[in-house]
Each structure stands twice: as structure tokens, then as C-alpha cells.
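Protein chains: 2
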Amino acid sequence: MKAGMFHETRAIPGSRSPYELESNVAGLGIDESSLISILGKLHPEQKQSFRKGTRDFFTEDDRLFERWDERHIAQLQHEFLRFKNAMVLWTMHPWERDARLAKEALRKGQQAYGVLVEIACTRSSEELLGARRAYHSLFDHSIEEDVAVHIHGIERKLLVALVSSYRYEGPRVHEETARSEAKILHNAFKAADKTKPIEDEEVVRILTTRSKLHIKAISTHYKEFSSSDITEDLDTELLLKQTLQCLYTPETYFSTVLDSALKDGADETTREALTRVIVTEANNVDMKKIKEEYHQKYGVDLSEKISGVANGNYRDFLLTLVARGD
Amino acid sequence: MKAGMFHETRAIPGSRSPYELESNVAGLGIDESSLISILGKLHPEQKQSFRKGTRDFFTEDDRLFERWDERHIAQLQHEFLRFKNAMVLWTMHPWERDARLAKEALRKGQQAYGVLVEIACTRSSEELLGARRAYHSLFDHSIEEDVAVHIHGIERKLLVALVSSYRYEGPRVHEETARSEAKILHNAFKAADKTKPIEDEEVVRILTTRSKLHIKAISTHYKEFSSSDITEDLDTELLLKQTLQCLYTPETYFSTVLDSALKDGADETTREALTRVIVTEANNVDMKKIKEEYHQKYGVDLSEKISGVANGNYRDFLLTLVARGD
Numbered sequence: 408m409k410a411g412m413f414h415e416t417r418a419i420p421g422s423r424s425p426y427e428l429e430s431n432v433a434g435l436g437i438d439e440s441s442l443i444s445i446l447g448k449l450h451p452e453q454k455q456s457f458r459k460g461t462r463d464f465f466t467e468d469d470r471l472f473e474r475w476d477e478r479h480i481a482q483l484q485h486e487f488l489r490f491k492n493a494m495v496l497w498t499m500h501p502w503e504r505d506a507r508l509a510k511e512a513l514r515k516g517q518q519a520y521g522v523l524v525e526i527a528c529t530r531s532s533e534e535l536l537g538a539r540r541a542y543h544s545l546f547d548h549s550i551e552e553d554v555a556v557h558i559h560g561i562e563r564k565l566l567v568a569l570v571s572s573y574r575y576e577g578p579r580v581h582e583e584t585a586r587s588e589a590k591i592l593h594n595a596f597k598a599a600d601k602t603k604p605i606e607d608e609e610v611v612r613i614l615t616t617r618s619k620l621h622i623k624a625i626s627t628h629y630k631e632f633s634s635s636d637i638t639e640d641l642d643t644e645l646l647l648k649q650t651l652q653c654l655y656t657p658e659t660y661f662s663t664v665l666d667s668a669l670k671d672g673a674d675e676t677t678r679e680a681l682t683r684v685i686v687t688e689a690n691n692v693d694m695k696k697i698k699e700e701y702h703q704k705y706g707v708d709l710s711e712k713i714s715g716v717a718n719g720n721y722r723d724f725l726l727t728l729v730a731r732g733d
Numbered sequence: 408m409k410a411g412m413f414h415e416t417r418a419i420p421g422s423r424s425p426y427e428l429e430s431n432v433a434g435l436g437i438d439e440s441s442l443i444s445i446l447g448k449l450h451p452e453q454k455q456s457f458r459k460g461t462r463d464f465f466t467e468d469d470r471l472f473e474r475w476d477e478r479h480i481a482q483l484q485h486e487f488l489r490f491k492n493a494m495v496l497w498t499m500h501p502w503e504r505d506a507r508l509a510k511e512a513l514r515k516g517q518q519a520y521g522v523l524v525e526i527a528c529t530r531s532s533e534e535l536l537g538a539r540r541a542y543h544s545l546f547d548h549s550i551e552e553d554v555a556v557h558i559h560g561i562e563r564k565l566l567v568a569l570v571s572s573y574r575y576e577g578p579r580v581h582e583e584t585a586r587s588e589a590k591i592l593h594n595a596f597k598a599a600d601k602t603k604p605i606e607d608e609e610v611v612r613i614l615t616t617r618s619k620l621h622i623k624a625i626s627t628h629y630k631e632f633s634s635s636d637i638t639e640d641l642d643t644e645l646l647l648k649q650t651l652q653c654l655y656t657p658e659t660y661f662s663t664v665l666d667s668a669l670k671d672g673a674d675e676t677t678r679e680a681l682t683r684v685i686v687t688e689a690n691n692v693d694m695k696k697i698k699e700e701y702h703q704k705y706g707v708d709l710s711e712k713i714s715g716v717a718n719g720n721y722r723d724f725l726l727t728l729v730a731r732g733d
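Structure follows, in C-alpha cells:
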């Protein structure tokens, strides 16, 4: 292989340039059928660009191509994995799935704490408990043990208590208590000069132990003390805001997450939520609510939006899951 | 009824004086058979002394008798209740039993926090969870919710986390971690001038999330840093000491509790532990260990000691339960 060779190769008439190929791995997932046809027609020299060469062999100019190539192969592999991962996640028992998602979130650190909140607050008490059981057998630790060991920041108290919760799910709500706790939250959220709300013991107590219906009642009473919605007063306290949303309007939370994941230029952590949310919520009665909320909020059908952003098998699979509730 | 009447009554030859009767309701429970024979022989005037009279009717001297009488009737009722309560507790499903014991402990406040620790730390993860489930259906709240609402002192963090725990119960223990956490505990226990150990976040984290085997390993490694046993260094931190004992040597903990309950002059809260411990541990494989530990520590058989202190049906019932494991 000689320096300069790829310049000629790229110029072969009738063959696709790497830049054309790139457009076929754009978006989420792989457009398998067009990829098959393109790769099948590639010249041998072009095919070599899909394998990793010895870097030192190339001139500066070739390295440019090589870098494109490496990045491209990584992306190809990554996009192939998207379909595989979705299939694997879907096949897992929901408890194992949540246990593995929690473990992965702990591995990733702060940027993924939201996944812990999502698992702890949008599942039913029994589902969360199932995830804790699965976590024992998979990882030889309890989930709260790992959260407590790995998280050192101010989020620790909230997150440990959230994953340990086993909330009451009956209909009983004591309105007077809900009202007085709405006041407690309001005072804590508004007192920006004092303790941060996430470090306020009463805030953590209320959000981590009260039933979802009770929290809903709190959000209603909150309007007696504030002109804004309870989550609006938390715009700078993302984890608390997310906790509240997950607890009392999960469909709003999920729609927002899906919207971010489907946006142009989203980073990979944000992108990954697409698979996670669609797969975990597909069997859930709330999928219908999520779709309604998404449509209302963003003026487009969730399925349509997914069709526009995702490719091939990955897209088809997601669309099948999204359509399950219909 | 005339002033002075009881003086005569008490003097009726052949009848028992109230002071004789008193000896028949001494000890725990009621000696039903001798009570039947005594009460059956009482004169009508004496029997009246078992009913509550109108206080104002009596002279000062009669009131003395009346007070004895009221106290005595209360004690009688109380000792009758001991057998009834033991039977009722025994008949309950263990989950319901623990849920009700926890509720009762919360009602009683600080002096009974130990019962919460006992339930949270001597049961298996699944048993504790069962109690949490039962608590939902019985009291329309989660147990951690009620603990968090009712307890405001420095014990809150520890107790909320203890009742929320779902500890890993597999065999895997990471010795290096256990060793480093033994050091953390040692530093916290010895630094008496700083934060109280119960307020130390790391102490609470370790005691509330680690598996029992891990805590056992910690207690072994602790000896590398201290000449004393881990619980000896906690003699002024009763709740932490009890937590540790319940977690890694429940038989030691239960023997101590039984010994206190069976001591002369124990107060009622301490006394009550007798029924609780015997009833809850009767079906437990550890009852045998508790008996061995008790015998070794106090030089007398647990059954013998119970025979000496308790009466009648209550005694017979406890002895039957204690003998179940043999």
C-alpha cells in the first residue's frame, strides 16, 4: 500500500466515496439494506478502508482518510449495536433490565444519575423491588449499597433513599398533611440563599417516602403558595425536578426525555434514552399517555419522529414497540 | 356501703386478705388455677373490692384500700393481657406481627426505637420486606414514611435507612473493603470530640447497606485497629451498638434483651420484650443459639428462668414455644 493510493481509489468512477457512505450511517441505527448494496459494490481498495491499517504506514494525507475510516467503523459498530442492544434489553425480564440499567448508570456517573431516578420513581413499588432482587443476584450487592458507595456528592442522600423506597400505593391521602408539606417544599425551594433544596432533609424525606398520590396532592396544594408550577420552581435543581416529574407525571417526563433523544446533535447519553424509554415503557399502560403527551407537546407523532431519525431494523423494532399499545 | 366496712371485711377469719391476693398476681402472667380458687372463696364484700367504686363515697382510709384495689385490678387485667397478647402475637402472620410491633414502637417513641432496630436487623431481607408490605395494607403508609415523620432526633437517618434496607444475602464479601470500612468505623467511634458516630454519614452508610456477612467481616477486621470488641467501643451509643449486635450476633442481642426482661424490677417496656422475643424467635432456627448463649452467659437455662418469673398459662405458653426447637 503506497501513499497516495486512496486518492486514486476515491476517484474511481461509479464507486461511492466515503463521504457518500457516511450519509448511510447517519441517524440512529443502520439502514441495513442500502448498506448491503453499497458495501457489496465497493472496490477492494475501498473495502480495505473498513479495516484498521497500521497508522505509521500512511502519509499525513492518508491518515486523514484513515481517521475518517476509524471513526466511521466505530460509528458503524455503534449503530449496529443499537439494534442489538434494544433487542437484548427487550428480551430481558424487566427486573433484570432495571438492575442492569442501574448498574450501568452507576458506572457512567453523574451524567446518568437521572436513570436511577427514572427507575426508582416511575416503576411501581413491586417493580422497583423486583429490580433490587435482580441486582442482588446479578451483582452480589444491594443497589442502595452500590449507590451509597459510588455517589459522594450532595445527590447521595436523595438517590439512596429513592432506590430504597417501597411506597404505599393505596388510595388514602391525608389532604392536610399534603398541604402542609406543599408549604414545606415551597419554603425550601424559595429560600435560595439557605441550604440547597436537595440537601434539605425535609425535602428529601417527602420526595423519598410519600406515596405518588400524596405527591400529586402536594403539587396541587403547591399552587396555593406559588403562582408557578411546583416543577417550574425547580428549574435549576434538575434531579429534584426530575424526581417530582417521574413521581406524579411520568408521561411528561418520558416525553421530554424522548424529545431530547430525538433532537439533532444530541450526545450519546441523551440518545441512549430512546432505546431505554421505548423498551421499558412498551408494555406499560402509560405508553399511550406518553404518545398523547408527546404529540400534544411537540406537534408530531412519536412514530413519525422516530421514522425520521432512526434507520433500518432499529427503526422498525422501535416502531413495533411503540405501536403495541394501540 | 359504709365507711369502715372494709376493715371488718379484711378481718373475716379464714378469708384471704388483699395482701395475700397480691402475691398471686406477682410475677408475669396470672397463676390462673390458684386465682380461681382464691376468688371463688372470697366474701361478697371482698369481691366488691374488685370492682371500681365511686371514690367520693369513701373515707380517707377506705381510699387507701380503694387505691390498692384499682392498682390491683389494673395489674390483674394487665397480667391477663400478657397471655392474651402472646397468643394473639403468635397467631399472627410474622409479617403482620412485625408491622404491628413497628407501629407500636413508633407510638411509644424513643424508649422503643430498639424494637425498630430489632425488626430491621434480625430479620432476613425477605422477612423485613414482608413486614413492609403488611404495614402498607394495615396502616396506609409505608413504614419508612412513618419513621421519617415521627422521628426527628439524630436517630432518624439511621432508622429510616435501616427499615428501608434490602441487604444482599449471598456469600460474597470483599475483604479489603471490609477492612477499610472497619478502619472508618474505628475512626468514627474513637473521635469522640467530633460528630457523634450516629450522625456520621459513613457509619450510617455502612451499617444500613452492607450485608450481614460483610458486617461480620468488618467486626473481625476491627480487632486489627482496636484492642476492644467493636460493640464495646460503642457502650455509650446504644442504638448503634444494638444495630451491630442485631446484624452480626443476634443471639447475643436476644439473650441480653431476655435477661433484662426477666430481671426483678424491670419496667414494663423492658418486660414486654419477653413475649416479643420468645414469640418472634420461636420458629426461628436461631432459638437454639439464643438458648445456648443465654445459658452460657447467665448460668441458668432460659426455660428455668422463665418458670421462676412467669405464671400460669402465660408461663406454660412461653415454655412450649421455647421448647419447640429441641
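The listed protein sequences derive, respectively, from chains A and B.
When we follow the numbering used here, the leftmost residue of the first sequence carries the number 408, and every step to the right adds one.
When we follow the numbering used here, the leftmost residue of the second sequence carries the number 408, and every step to the right adds one.
Each residue gets a CB set at the ideal place from its N, CA and C atoms; glycine is no exception.
query	result
Over the uninterrupted alpha helix (DSSP H) stretch that includes B:N594, give me the two end residues.	E582 to K597
Can you give me the Cβ contacts of A:L728 inside the same chain, cut-off strictly under 8 Å, excluding the 5 residues immediately before and after it?	W497, I685, V686 and A689
Under 8 Å between the Cβ atoms of A:H628 and A:R574?	no
With a threshold of 8 Å between beta carbons, is A:Y520 in contact with chain B?	no
Would you check if the distance between the CB atom of A:A527 and the CB atom of A:S572 is smaller than 8 Å?	yes
Would you call A:S662 buried or exposed, if buried means 16 or more other Cβ atoms sit within 10 Å of its Cβ?	buried
Flag this pair as yes or no: are the beta carbons of B:D642 and B:S633 separated by less than 8 Å?	no
Note down, in chain order, all residues in the stretch 608-625 of chain A with a beta-carbon under 7 Å from any beta-carbon belonging to chain B.	R612, T616 and R617
For A:A717, which three-state DSSP category applies?	strand
A:V556 lies in the alpha helix (DSSP H); which residues open and close that run?	I550 to H557
Rounded to the nearest angstrom, what separates A:G460 and A:Q517 at their Cα positions?	Note that A:G460 scores a pLDDT of 43, beneath 50, so its modelled location is shaky; the value from the coordinates is reported in the next line. Cα to Cα, A:G460 sits roughly 36 Å from A:Q517.
Following the continuous alpha helix (DSSP H) through B:V681, name the residue where it begins and the one where it ends.	The question names Val, but residue 681 of chain B in the sequence shown is Leu. Per DSSP, B:L681 belongs to the alpha helix (DSSP H) from E675 to E688.
Quick test of your reading: B:P578 and B:E534, contact by CB under 8 Å. State the CB separation rounded to the nearest angstrom.	Incorrect: roughly 19 Å between the Cβ atoms, too far for contact.
So the alpha helix (DSSP H) A:E534 belongs to, where does it begin and stop?	S532 to F546
Between A:T659, A:L569 and A:A598, which lies nearest to A:S618 when the distance is taken from Cα to Cα?	A:L569
Which residues in the same chain have their Cβ closer than 7 Å to the Cβ of B:P657, if we skip the five residues on either side of it in sequence?	T529 and D693
Could you check the C-alpha separation between B:A493 and B:Q703 for me, to the nearest Å?	26 Å
Listing by chain order, which chain B residues have their CB less than 7 Å from the CB of A:R574?	S549
Within 10 Å of its beta-carbon, does B:A598 have 16 or more other beta-carbons around it, so buried, or fewer, so exposed?	exposed
Report the residues of the stretch 623-651 of chain A with a CB closer than 9 Å to any CB of chain B, ordered along the chain.	none
Would you list the residues sitting across from B:L435 in a DSSP beta bridge?	B:A717
Count Cβ pairs between the stretch 482-493 of chain B and the stretch 708-725 of chain B that sit closer than 8 Å; are there 3 or more?	yes
As an exercise, report each continuous alpha helix (DSSP H) stretch of at least 4 residues that is fully enclosed by the stretch 615-666 of chain A, in chain order.	619-629 and 645-655
For A:L496, would you say it is in contact with chain B, using Cβ-to-Cβ distances shorter than 8 Å as the test?	no
Would a C-beta distance cut-off of 8 Å place B:Y660 and B:I622 closer than the cut-off?	no
Using 8 Å as the cut-off, can you tell me whether the stretch 608-618 of chain A makes contact with the stretch 546-554 of chain B, which would need three or more C-beta pairs spanning the two stretches below that distance?	yes
One question on the structure: do B:Y701 and B:L665 come within less than 8 Å of each other, judged by their Cβ atoms?	yes
Consult DSSP for B:D708 and reduce its assignment to one of helix, strand or coil.	coil
Which class does A:D607 belong to by DSSP, given the choice of helix, strand or coil?	coil
Three-state secondary structure (DSSP) at A:E700?	helix
State the start and end residues of the unbroken alpha helix (DSSP H) segment that holds B:D505.	P501 to K515
So that I know if they touch, is there some Cβ in chain A lying closer than 8 Å to that of B:G537?	no
Got a sec: is the Cβ-Cβ distance from B:T503 to anything in chain A below 8 Å?	It is Glu, not Thr, that sits at residue 503 of chain B in the sequence shown. Chain A contact via Cβ: absent.
What is the DSSP secondary structure of A:G521, reduced to helix, strand or coil?	helix
Once you ignore the five residues that flank B:K712 on each side, which residues in its own chain have a CB closer than 6 Å to its CB?	L669
Between A:H543 and chain B, is any beta-carbon pair separated by less than 8 Å?	yes
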